[in-house]
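*Asks:* The following block contains the structure, expressed as structure tokens.
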Amino acid sequence: MISALRFALPVIAYFLLTSCAPGRQPVTLFPADDPPARLSEWQLFAVKNNRFTLNDQVIPYDLNTPLFSDYALKLRSVWMPDGTSAGYREGREMKFPIGTILSKTFHYERAAGADDNVFRKTDREANLEADGSLSLLRHQLIETRLLVHYADGWRALPYVWDEAQNDAYLEVAGSQLDLSFDLAAGNAEKFTYIVPDMNQCAGCHTPAHSTKQIQPLGPKVHQLNREFSYVEGARNQLEYWSATGRLSGLDDHETASLPVSARWSDRDRTPTTDLARAYLDVNCAHCHNPDGAADTSALNLHIDAEVNRDLGLCKPPVAVGRGSGDRPYDIYPGRPDDSILLFRMEHTDPAIVMPELGRAINHAEGVAVIREWITQLPGEC
Numbered sequence: 016m017i018s019a020l021r022f023a024l025p026v027i028a029y030f031l032l033t034s035c036a037p038g039r040q041p042v043t044l045f046p047a048d049d050p051p052a053r054l055s056e057w058q059l060f061a062v063k064n065n066r067f068t069l070n071d072q073v074i075p076y077d078l079n080t081p082l083f084s085d086y087a088l089k090l091r092s093v094w095m096p097d098g099t100s101a102g103y104r105e106g107r108e109m110k111f112p113i114g115t116i117l118s119k120t121f122h123y124e125r126a127a128g129a130d131d132n133v134f135r136k137t138d139r140e141a142n143l144e145a146d147g148s149l150s151l152l153r154h155q156l157i158e159t160r161l162l163v164h165y166a167d168g169w170r171a172l173p174y175v176w177d178e179a180q181n182d183a184y185l186e187v188a189g190s191q192l193d194l195s196f197d198l199a200a201g202n203a204e205k206f207t208y209i210v211p212d213m214n215q216c217a218g219c220h221t222p223a224h225s226t227k228q229i230q231p232l233g234p235k236v237h238q239l240n241r242e243f244s245y246v247e248g249a250r251n252q253l254e255y256w257s258a259t260g261r262l263s264g265l266d267d268h269e270t271a272s273l274p275v276s277a278r279w280s281d282r283d284r285t286p287t288t289d290l291a292r293a294y295l296d297v298n299c300a301h302c303h304n305p306d307g308a309a310d311t312s313a314l315n316l317h318i319d320a321e322v323n324r325d326l327g328l329c330k331p332p333v334a335v336g337r338g339s340g341d342r343p344y345d346i347y348p349g350r351p352d353d354s355i356l357l358f359r360m361e362h363t364d365p366a367i368v369m370p371e372l373g374r375a376i377n378h379a380e381g382v383a384v385i386r387e388w389i390t391q392l393p394g395e396c
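In structure tokens, the structure reads:
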């Protein structure tokens, strides 16, 4: 049994303090057909004194292995209406209540002494201050995406931050931003950052495309089963959600017995196979699964898929055109440079690149892990 008493005192103290904080505004849930133009109207966040802070009712979370998005750092959060909670029974999935708002704020670390839109290139988790805020002296906000759960399903809403970093504005048609990384010896890597439009958001968040139902992709049990440094101290996220009334059904499950994904930030101490399967699951499996938008590829990259032809081993390409790179198989065991999967990960050509959305530059660390994994795979084709 998870002991709620273990967390009761610090959690109760924290909520007593924050509930009395001056200027605390309730989160506003807008109708599905009338989302506000300004992100601030949701009352999820506030910008003050060069700090981006969450509403007291909103809690941050992080994933074990995140989706790669051009090295953007991401501050994730969840809000649920009072008296509701997410539900868990078994496996990897949890069910969020009507009214849930999930957010993901994309930002970059500013390069020292550089202009706006010039950043440090770093493959790490978001770095919050001790008070749970994000310093805007050190970081620049790019966009915030909301996923809002209504009675008839989820809605995806992309908001783009203004140059002054005061507010973000709804961009139904998406946007493009010219950004660059400050590299060694004064060199710069320029790229075009793509903010997806609402339809593109919905397309990626529909793992079963025949149903057309948008679903959260990141906050699943195996991704949330990890510690997070809250203001009141480090806690396992699932246990924290349970102790604060945001997750039901966990009482009979010890987190050690629940599914857990590899921790991307701990790559040096994690088996390559675990890293590779977690990476492919979060970056590819929302489309590449038996019911996904890429079901015609006959490629299943879900974390629980068997290591066989369905996963791509010795599987010839299906309707990929130039995307095959004249390589014979999706995954050629022991031969990464003959594997289509790696070829598409290493490309930025729109006709070849995978994933199709959200990546304008290569993820060197991700490519290295998949290369090593394929090299280690036994067998011949």
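Basically this note's numbering = 1-based index in the sequence shown + 15.
Just so it is clear, CB atoms sit at the ideal spot from N, CA and C, and this is done for glycine as well.
1) Go through the segment 318-369 residue by residue and report every complete run of the alpha helix (DSSP H) that reaches 4 residues or more, in order.
2) For a test of the three-state rule: what should DSSP assign to Ser150, helix, strand or coil?
3) Taking the CB atoms as reference points, tell me whether Lys110 and Glu204 lie closer together than 8 Å.
4) Helix, strand or coil: how does DSSP classify Glu56 here?
5) May I ask which residues mark the beginning and end of the beta strand (DSSP E) holding Gly102?
6) Looking at the secondary structure, which residues open and close the alpha helix (DSSP H) in which Arg170 lies?
7) Alpha carbon to alpha carbon, what distance is there between Glu247 and His268?
8) With three or more beta-carbon pairs closer than 8 Å as the criterion, would you say the segment 43-59 touches the segment 113-125?
9) Could you tell me how far apart the beta carbons of Leu161 and Gln180 are, in whole angstroms, since I believe they sit closer than 8 Å?
10) So, does the segment 369-377 touch the segment 209-226, judging by three or more C-beta pairs under 8 Å?
11) Going by beta carbon distance, what residues of the same chain come within less than 8 Å of Ile367, once the five residues before and after it are set aside?
12) Please return the same chain residues whose Cβ sits closer than 7 Å to the Cβ of Asp289, not counting the five positions on each side in sequence.
13) In its own chain, which residues sit with a C-beta less than 8 Å from the C-beta of Val384, not counting the 5 before and 5 after it?
14) Starting from Arg292, trace the alpha helix (DSSP H) in both directions and tell me its first and last residue.
15) Where does Asn253 sit, in a helix, a strand or coil, going by DSSP?
16) The alpha helix (DSSP H) with Ala383 in it runs from where to where?
17) Using 8 Å as the cut-off, can you tell me whether the segment 347-358 makes contact with the segment 124-144, which would need three or more C-beta pairs spanning the two stretches below that distance?
18) So what does DSSP say about Met213, is it helix, strand or coil?
19) So, at 6 Å on beta carbons, what are the nonlocal neighbours of Ala223 in its own chain, with the 5 sequence-adjacent residues on each side left out?
20) Ends of the alpha helix (DSSP H) at Leu239?
21) Can you tell me the Cα-Cα spacing of Leu273 and Gly201, whole angstroms?
22) Run the CB neighbour count on Thr159, radius 10 Å, all protein chains shown included, and call it buried at 16 or more, exposed below.
23) Per DSSP, what kind of secondary structure is Asp267 in: helix, strand or coil?
24) Which residue comes first and which comes last in the beta strand (DSSP E) that contains Leu88?
25) Skipping 5 residues on each side, what residues in its chain have a beta carbon closer than 6 Å to that of Glu387?
26) For a quick check, are the C-beta atoms of Val322 and Thr80 less than 8 Å apart?
27) Measure the beta-carbon distance from Phe121 to Ala87 and round it to whole angstroms, keeping in mind my assumption that it falls under 8 Å.
28) On the three-state DSSP scale, how would you describe Arg66?
29) What would DSSP say about Arg125, mapped onto helix, strand or coil?
30) Return the first residue and the last residue of the beta strand (DSSP E) that Gln191 is part of.
31) Check whether the segment 167-177 and the segment 223-239 touch, using three or more Cβ-Cβ pairs below 8 Å as the test.
32) In chain order, what residues of the same chain lie with their CB nearer than 7 Å to the CB of Asp85, ignoring the 5 residues before and after it?
33) Mapping DSSP to helix, strand and coil, what is Thr9?
34) Give me the Cα-Cα distance between Gly128 and Asp345, rounded to the nearest whole angstrom.
35) Please report how far the alpha carbon of Asn70 lies from the alpha carbon of Gln40, in whole angstroms.
36) Does the Cβ-Cβ distance between Cys302 and Ala313 come in under 8 Å?
*Replies:* Working from what's here:
1) 355-360
2) strand
3) no
4) helix
5) 101-103
6) It is not in any alpha helix (DSSP H) - Arg170 instead sits in the beta strand (DSSP E) that spans 168-176.
7) 24 Å
8) yes
9) Not a contact, Cβ separation roughly 18 Å.
10) yes
11) Arg337, Gly338, Gly340, Phe358, Arg359
12) Ala277
13) Arg282, Thr287, Leu290, Ala291, Tyr294
14) 287-299
15) The amino acid occupying residue 253 in the given sequence is Leu; Asn does not appear at that position. Helix at Leu253.
16) 379-391
17) no
18) helix
19) Asp306
20) 236-239
21) 47 Å
22) buried
23) coil
24) 88-94
25) Thr287
26) no
27) 4 Å
28) strand
29) strand
30) 190-197
31) yes
32) Phe206, Tyr208, Arg374, Ala375, Ile376
33) A question about residue 9 goes unanswered here, because the residues of the chain that appear run from 16 up to 396.
34) 44 Å
35) 8 Å
36) no
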